[in-house]
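As you go down the protein sequences, you meet chains A and B in turn. Residue numbers for the first sequence follow this note's numbering, beginning at -14 and rising by one. Residue numbers for the second sequence follow this note's numbering, beginning at 340 and rising by one. Below is one structure, written out as structure tokens; the observations come after it.
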Amino acid sequence: MEDRNPYILIVDDERGLRLGTQRLLQSEDFTVDTAENGTEGILLGTRNDYDLAIIDMKMPDIDGLEVLKEIKKARPNTVCFIATAFASYDTAIEATRIGAYSYIPKPFTPEELLHQLEKGYNQRVLTIEAEKLRKEREERLLELASEQSRLKTIINSISGGVLVVNKSGEVVYFNNAALKNLNLDSLTIGQYILDKIPEKATEIVSGFIDGATAENLTKSIQIELIKDTLFVEIICSTVLNNDSSFAGVVLIIRNITEMKKIELVKSQFVSMVAHELKTPVAAVQGFLKIILDDSIPITEDQQREYLSRSVGRLQGLLDLVNDLLDISRMELKTKQRELGSLRLKEILESTVQFLKFECEHKNIQVISGIPDNLPVLHADHNELTRLFTNIISNAIKYNIENGKIFITVTEEKHYLVIAISDTGIGLKEEDRKKLFHEFFRAKNEKTRGISGTGLGLTIVQRIVDSYHGKITVESEYGKGSTFKIYLPKTNK
Amino acid sequence: MALIAIIDDDPDIIEASSLVLKSKGYEVVTASNPDDGFKIVTENNPDLIILDVMMDEPDDGFFLAQKFKRNNITTPILMYTSVSKTIGFEFGSGDMVPVEDFVEKPISPDQLIEKVKNLLK
Chain A
-14 MEDRNPYILI
-4 VDDERGLRLG
6 TQRLLQSEDF
16 TVDTAENGTE
26 GILLGTRNDY
36 DLAIIDMKMP
46 DIDGLEVLKE
56 IKKARPNTVC
66 FIATAFASYD
76 TAIEATRIGA
86 YSYIPKPFTP
96 EELLHQLEKG
106 YNQRVLTIEA
116 EKLRKEREER
126 LLELASEQSR
136 LKTIINSISG
146 GVLVVNKSGE
156 VVYFNNAALK
166 NLNLDSLTIG
176 QYILDKIPEK
186 ATEIVSGFID
196 GATAENLTKS
206 IQIELIKDTL
216 FVEIICSTVL
226 NNDSSFAGVV
236 LIIRNITEMK
246 KIELVKSQFV
256 SMVAHELKTP
266 VAAVQGFLKI
276 ILDDSIPITE
286 DQQREYLSRS
296 VGRLQGLLDL
306 VNDLLDISRM
316 ELKTKQRELG
326 SLRLKEILES
336 TVQFLKFECE
346 HKNIQVISGI
356 PDNLPVLHAD
366 HNELTRLFTN
376 IISNAIKYNI
386 ENGKIFITVT
396 EEKHYLVIAI
406 SDTGIGLKEE
416 DRKKLFHEFF
426 RAKNEKTRGI
436 SGTGLGLTIV
446 QRIVDSYHGK
456 ITVESEYGKG
466 STFKIYLPKT
476 NK
Chain B
340 MALIAIIDDD
350 PDIIEASSLV
360 LKSKGYEVVT
370 ASNPDDGFKI
380 VTENNPDLII
390 LDVMMDEPDD
400 GFFLAQKFKR
410 NNITTPILMY
420 TSVSKTIGFE
430 FGSGDMVPVE
440 DFVEKPISPD
450 QLIEKVKNLL
460 K
């Protein structure tokens, strides 16, 4: 506004006065509009944002006060003067009440007029400046408010609980997840909290508060809040003021129930593995100690038998370790997969060839019906070989003497279906369900003497899963089992 | 001489344990699963039971021990364990598992004989 000339409107029905004033003001660098009656005055005064307006009180069409009222209504910041020859105390008061800045008695000298206008113009500058500041402040407040509400929304949306406690142990802030993860029904800002949160967390928070440490400290703790249902991790950190003095403690409360469940499964697996590894070691050690113990008399034949049984157990242990390593590699995915275009027929035939000795040992006949024109599979050669070796060797191990194994491959929609059937001992229904569990081995009078790690089918399942395939088992106890492996055809 | 029942699903452990006990003059009956185990105990009324903690299921040795007590069989039980430390059980108290003593596999012949002698006193 300082950069431009003051913009003024003169509303007066007296032509001479109007033009005289206009000329005077233009020479003083005002930008001047004029209106020769009240109607025109209202029109211009409401349309343009004038800095100043001089309004004649007495006009033939509309009264000056009416013009003033209209202009002030539309343009409250236009500084208006009422000019009249008929000065009276009442009209002055009335004009001021409606919003006139001042009152100019006619006739006026140029000095008087310019002095009044200067004062009015300064007022206008101040008003506009004040208005601008007020607007800016309002905008900033609005921004601040929306920033705060945005933060609040974000903090309320995260699944981790956030709880802030001041030096007196009172809640200063909390989000919804804090209530949920601490299993609390409600909290109030200002409420004493240290008797509401788990004891171990209270110890940490109290420790921070008592120490009033002026440094960033973090301690965390895991707590089982509801047995087998809710495990939380609480991370407590000191909150410092700008001057680094101690302000309070912020607690982040995470629900780690799922993680704990996985940990439990893992530790159960570890204890199963430990048991499985220790069993053959115990057997071998038992035999060796007997052989070494002079107080236990055994024959040379017995000694030989125990040594050969020990060798068998150690072989079993070795197989188990290898299976475990395979599973661990599959889980860690450290084993580089070498995908190639494979012919199922070749893999199945070479697997059967590889197990020929075991088949002949039990006089088992393998009958296969594998078409020559099967689509090629895009897969890892070693993995597929391992998959079929495990299933076919089971079909041999759990078969009867002089039994049969049938291998067929068919195409079923998007899958290649490999069916491997045996005429063996079959599975009881309760065993069939647990077949793919780690270390599960069917135990009954018929399986006695059959060795295995209990991981063969676990590995099969994992290989099949890794190719997005599936495996089904049909079985009748005493008659035999059929394993069907569905491998998706490669889209090419 | 005392009669000892050995119940364990590992035939090699049964073999080795039997041999050690027989070499010291004990008589032995054996079973390789909980059902047969219950049967040989009720039929032979042994002086001591050696029971493996884990057979078909991770803790069916415990259940068999409880079954003996429920059926008023008060024969002392020596329990074979293999993974006590990893599964976190603090063995040694008979409150939870009604057995007289534990021995962790692998077991040396001397240790086995000593435990057996103690329990048969």
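The beta-carbon is built from N, C-alpha and C at its ideal position, and this holds for glycine as well.
Check: Any chain B beta carbon closer than 9 Å to S280/A; Outcome: yes
Check: Burial state of S313/A, where buried means 16 or more other Cβ atoms lie within 10 Å; Outcome: exposed
Check: For P90/A, the first and last residue of its enclosing beta strand (DSSP E); Outcome: S87 to P90
Check: Among L179/A, F231/A, N240/A and A232/A, nearest to Q207/A - alpha-carbon criterion; Outcome: N240/A
Check: Start-to-end residues for the alpha helix (DSSP H) that takes in G409/A; Outcome: From DSSP, G409/A is part of no alpha helix (DSSP H); its letter is neither H nor E.
Check: Beta-carbon gap between E423/A and L440/A smaller than 9 Å; Outcome: yes
Check: Residue span of the beta strand (DSSP E) that contains D351/B, given as start and end; Outcome: Unbroken run through D351/B is the alpha helix (DSSP H), P350 to S362; no beta strand (DSSP E).
Check: Chain A within 9 Å of T425/B, Cβ atoms only; Outcome: Note that T425/B scores a pLDDT of 41, beneath 50, so its modelled location is shaky; the value from the coordinates is reported in the next line. Yes, T425/B counts as interfacial toward chain A.
Check: Any chain A beta carbon closer than 9 Å to E429/B; Outcome: Legend: pLDDT at E429/B = 46, less than 50; position of this residue unreliable, value from coordinates given subsequently. No, no contact with chain A.
Check: R239/A, DSSP secondary structure in three states; Outcome: strand
Check: With 16 other Cβ atoms within 10 Å as the buried cut-off, status of P385/B; Outcome: buried
Check: L340/A: first and last residue of the uninterrupted beta strand (DSSP E) it sits in; Outcome: Run containing L340/A: none; DSSP gives neither H nor E here.
Check: Residue interval of the beta strand (DSSP E) (run including M418/B); Outcome: I416 to T420
Check: Beta-carbon contacts of S205/A that lie in its chain and below 8 Å, excluding the five residues immediately before and after; Outcome: E218, I219, I220 and C221
Check: Partner residues on chain D for T264/A, Cβ-Cβ distance less than 7 Å; Outcome: The displayed structure is made up of protein chains A and B, and chain D is not among them.
Check: Own chain residues within Cβ distance below 8 Å of G271/A, not counting five before or after; Outcome: none
Check: Chain-ordered neighbours of I352/B on chain A, where CB pairs are closer than 7 Å; Outcome: A267, A268 and G271
Check: Burial state of P95/A (16 or more Cβ within 10 Å); Outcome: exposed
Check: Nearest-angstrom Cα separation, counted from I403/A out to Y383/A; Outcome: 19 Å
Check: Alpha carbon of E209/A to alpha carbon of P183/A, nearest angstrom; Outcome: 10 Å
Check: Interface residues of chain A facing V359/B [CB-CB closer than 7 Å]; Outcome: I275 and I281
Check: Neighbour-count burial assignment, Q101/A, 16 or more Cβ in a 10 Å radius; Outcome: buried
Check: Cβ pair I405/A, A427/A closer than 9 Å; Outcome: no
Check: Proximity test, Cβ basis, 9 Å: A355/B and chain A; Outcome: yes
Check: Inter-residue Cα distance where the pair is D416/A and L333/A; Outcome: 27 Å
Check: Simplified DSSP state of P360/A, which is helix, strand or coil; Outcome: coil
Check: D391/B - partner residues in DSSP beta bridges; Outcome: Y419/B
Check: Three CB pairs or more closer than 8 Å across the stretch 163 to 173 of chain A and the stretch 189 to 203 of chain A; Outcome: no
Check: Reference I392/A; option with closest CA among S378/A, V150/A, L277/A and Y291/A; Outcome: S378/A
Check: Contact set between the stretch 427 to 449 of chain A and chain B, restricted to residues whose Cβ is under 7 Å from the partner; Outcome: K428
Check: Chain A contact for I343/B (CB, 9 Å cutoff); Outcome: no
Check: Proximal residues of chain B, C-beta to C-beta of R298/A below 7 Å; Outcome: D351
Check: Length at least 4, wholly inside the stretch 276 to 342 of chain A: the alpha helix (DSSP H) runs in chain order; Outcome: 285 to 317 and 329 to 339
Check: Rounded separation between I444/A and E132/A - CA only; Outcome: 54 Å
Check: Contact with chain A by K444/B, beta-carbon distance below 9 Å; Outcome: yes
Check: Which listed residue (G84/A, S12/A, A70/A and I189/A) has its alpha carbon closest to that of V52/A; Outcome: G84/A
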